[in-house]
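At position 103 of the sequence shown (counting the first as 1) the number is 99 in our numbering, and the numbers step up by one without a gap. Don't be surprised by glycine CBs; every beta carbon is placed ideally from N, CA and C. Read through the structure below, which is laid out as structure tokens, and then see the notes.
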Amino acid sequence: MGPGDGLGDRTGDGAGDGAGWGPDGRSAQPGLSVVMVYYGGAEARPVLDALRAEPAVAEVILVNNLESGPPWPPALGPRPEGDGPPLRLVHGQGNVGFGAGCNRGVAEARGDRLLLLNPDCLPAPGTLPAVLALAPRPPDEAWMIGARLLGPDGQEQVGGRRNAGTPGQWLGEAFGGRFARVNRHREPLPTADLVPIPAISGAFMLMPTAFYRRLGGFDERYFLHFEDLALCRAVWRAGGRVLFAPHRTAAHLKSRSPVSGLFVTRHKIRGCWRYFTTEFRPEGAPRWWLALAWAVLSGGLLAKTLLSGGWRRPSAARARSA
């Protein structure tokens, strides 16, 4: 298949619940499949170009979640042609959310290794082959790896390495002091090449494709945010490991999407409540405790959005720090 000929493109209106992964029952082939969910912004173009110039990448699957317009987003310029790994497009499903979009992309993946990558997340040169080289070897096929995410200022970004995101840890984020917190970007950088960690960011998640499918993919009840924390907990519950590569980086540029900050915040708040009640209520956490933590976090998110004029469009898209 030529990278720019459109062969292999697929409408994405089918179910993305993890059942029947892969429309033609194909088995995985050696190689890295990169899945990106797109919802506006030109920042994805340099990421696409970099991926297609990376020998470690076997294919790129772009999931276009825009509700209208042509299958190939005009903001990205001409569809890439020439040498490079195949670039395939999933479109027509509309804005089904981040997790559901990823699931639709993974359903098309042919590689035995999978990278879920934000369209505004640019791996540094050498990051992908280095992380693949660090990854556990078969028969260990139950793992997920995140890179260190850098902001536009070159500093480590919030959300790339995290604790599990318990209600108490979110309260620690709100009140500071000596309370345990969710985000760990202020901690000293580990010296090891790969370290276990409770959670990483959905902006960069590398894992065996079969393991993602065995987990059922992202929980599609989350529209935007908190689905990555839920997936990390699913990895640990399944006997796998979430790992952090502190010396391998990706620049998270935070693109602009055609929605308001209030839209994003609303889905953060909804995702937070689902996460608390789905993950911690079954473990015996009192409902009042979940409600208290949710109210504090939601109030802070809403106030920050309103004070920054977040009811206006566009919004900085998918800052994975919640």
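- For L293, the CB contacts under 7 Å within the same chain, skipping 5 residues up- and downstream, are W166, A170, C268 in chain order.
- C-alpha of F175 to C-alpha of E39: approximately 37 Å in a straight line.
- N179 has R158 as its beta-bridge partners, per DSSP.
- A straight-line Cα-Cα distance of about 33 Å links Q25 and N159.
- If you check the CB distance, A105 and S197 do not come in under 7 Å.
- Under the three-state reduction of DSSP output, N114 falls in the coil class, being neither helix nor strand.
- DSSP links I196 through a beta bridge to R157.
- With contacts defined as CB atoms closer than 7 Å, L220 and F94 qualify as a contacting pair.
- No Cβ-Cβ contact shorter than 7 Å links R177 with G164.
- Fewer than three Cβ pairs drawn from the region 136 to 145 and the region 273 to 280 lie within less than 8 Å of each other, which leaves the two stretches out of contact.
- No Cβ-Cβ contact shorter than 7 Å links H87 with N114.
- Spatial neighbours of P42 in its own chain (CB-CB distance under 7 Å, excluding positions within 5 residues in sequence) are listed in chain order as L118.
- Contact check for G80 and R48: beta-carbon distance about 3 Å, within the 8 Å limit, so the pair qualifies.
- Residue pairing by DSSP places L85 opposite L58 in a beta bridge.
- Taking a contact as a CB-CB distance under 8 Å, the pair A131 and I141 counts as one, their CB atoms being some 6 Å apart.
- Judged by DSSP in its simplified three-state form, R144 adopts strand.
- Annotation: W285 to L298 spans about 20 Å, alpha carbon to alpha carbon.
- Beta-bridge partners of R237 (DSSP): W139.
- Classified as buried, A247 has 16 or more neighbouring CB atoms from the shown chains inside 10 Å of its CB.
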